[in-house]
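Residue numbers (my numbering): 11 to 342.
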């Protein structure tokens, strides 16, 4: 009996130890994720994305920890999308147009002069248009969590102010690795060259290209004023980055924590829009102070008309359903 009692006692102790270890693991277990993006350090977007990751950790009591990697540290946007699909990268904030490599319809983001004004653009991404784009990625292994405004893109160059479409004729302009943007600039007889952002400053410095296009925040953060003379407020493309997670990684997060992350992503979107509105004039003044000549006399109606053939060329790629959703939201 004594021997049996000892055995029972030992078994009970082992059970208690295992139960205790299991409970501790469940209490402290969490998900650690990497999130990559291409946005430059020093921009509103990069700063607020970092704050977003910290808020996620706080809101989930450490169950979800996200480490953010800005400025294409983990590769180009195209590289990162493929990594997220494969699960070698957990999450990203990727420009919608950059995801056309896995879903051609995502290129719609880069139709030139899509939106009547910024309100229509923001409302579209916050509504049916933005939901439709997110749904396109579900069967690609990706989950949309929210959007981050990158804003309207402007042209800088070393030749002259850009006023009419004809001013771009023969100009060597860098564009992102995106076929639709190439088509848009080719319709006005520019000479677009696809380059990674990380190569752009050197290419401008060496004269490989003489022009580029980016949002104001990126132009300031990248110090393009050092290698570019003219800034023209063309506002030709409007970009939003989509926060995406690998489906399997997203499903490792509890439903409750997923809802918290989605709400924090909505807050992030609003904060970035407010910051962009507040800082737009400041960016322009900074570039003026640094010696750039700023031109806001751009014939946008002429540009939209000149680039209209791109809409016809890409219509079949996007399909009637998506084009109708876009046209309803465009304000035109």
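Here a beta-carbon is modelled for each residue, glycine too, at the ideal position from N, C-alpha and C.
| Query | Result |
| --- | --- |
| Skipping 5 residues on each side, what residues in its chain have a beta carbon closer than 6 Å to that of residue 127? | none |
| Please report how far the alpha carbon of residue 37 lies from the alpha carbon of residue 50, in whole angstroms. | The predicted model places residue 37 with a pLDDT of 38, which falls under 50 and marks its position as unreliable; any figure quoted below should be read in that light. Going by the C-alpha atoms only, they are around 37 Å apart. |
| Just mark residue 12 as buried or exposed, buried being the case when its beta carbon has 16 or more other beta carbons within 10 Å. | Legend: pLDDT at residue 12 = 46, less than 50; position of this residue unreliable, no value from coordinates given. |
| Would DSSP call residue 78 helix, strand or coil? | strand |
| Just reading off the alpha helix (DSSP H) that residue 184 is part of, what are its end residues? | Taken as a continuous stretch (DSSP letters only), residue 184 belongs to no alpha helix (DSSP H), being part of the beta strand (DSSP E) at 182 to 185. |
| Look at the alpha carbon of residue 162 and the alpha carbon of residue 44, and state the distance between them as a whole number of angstroms. | 28 Å |
| Hey, how far is the Cα of residue 332 from the Cα of residue 171? | 35 Å |
| Considering just the uninterrupted stretch of the beta strand (DSSP E) at residue 319, what are its terminal residues? | Not the beta strand (DSSP E): residue 319 falls in the alpha helix (DSSP H), residues 319 to 340. |
| Under the three-state reduction of DSSP, which class applies to residue 274: helix, strand or coil? | helix |
| Can you tell me whether DSSP reads residue 168 as helix, strand or coil? | coil |
| Rounded to whole angstroms, what's the CA-CA distance from residue 65 to residue 282? Just pull it up for me. | 15 Å |
| Looking at the secondary structure, which residues open and close the alpha helix (DSSP H) in which residue 226 lies? | 226 to 231 |
| Does the segment 301 to 314 come into contact with the segment 69 to 82, if we say contact requires no fewer than three beta-carbon pairs (one atom in each stretch) closer than 8 Å? | no |
| Taking only beta-carbon positions, decide if residue 232 is within less than 8 Å of chain C. | The structure shown contains no chain C, having only a single protein chain. |
| Go ahead and pull the three-state DSSP assignment for residue 104. | strand |
| Which residue from 288, 275, 334 puts its Cα closest to that of residue 102? | 275 |
| Within 10 angstroms of its Cβ, does residue 322 collect 16 or more other Cβ (buried), or is it exposed? | exposed |
| Note the first and the last residue of the continuous beta strand (DSSP E) segment covering residue 98. | Neither: residue 98 is in no beta strand (DSSP E) and is coded neither H nor E. |
| Report the option in 129, 124, 152 whose CA atom is closest to the CA atom of residue 112. | 152 |
| Can you tell me where the alpha helix (DSSP H) with residue 154 in it begins and where it stops? | Unbroken run through residue 154 is the beta strand (DSSP E), 152 to 162; no alpha helix (DSSP H). |
| For residue 263, which three-state DSSP category applies? | coil |
| Pair every Cβ in the segment 225 to 239 with every Cβ in the segment 116 to 124, then say whether three or more of these pairs are closer than 8 Å. | no |
| In its own chain, which residues sit with a C-beta less than 8 Å from the C-beta of residue 183, not counting the 5 before and 5 after it? | 165, 167, 195, 200, 201, 202, 203, 219, 220, 221, 222, 223 |
| Tell me, please, whether the segment 241 to 260 touches the segment 146 to 160 by the rule of three or more beta-carbon pairs shorter than 8 Å. | yes |
| Under the rule that 16 or more other beta-carbon atoms within 10 Å means buried, what is residue 122, buried or exposed? | buried |
| Nearest CA to the CA of residue 106: which residue from 284, 142, 301? | 142 |
| Check for me: the beta strand (DSSP E) holding residue 218 runs from which residue to which? | It is not in any beta strand (DSSP E) - residue 218 carries neither H nor E in the DSSP assignment. |
| Would DSSP call residue 203 helix, strand or coil? | strand |
| Taking the alpha carbon of residue 78 as the reference point, which residue from 300, 62, 87, 325 has its own alpha carbon closest? | 62 |
| Cα-Cα, which of 290, 193, 303, 311 is closest to residue 227? | 290 |
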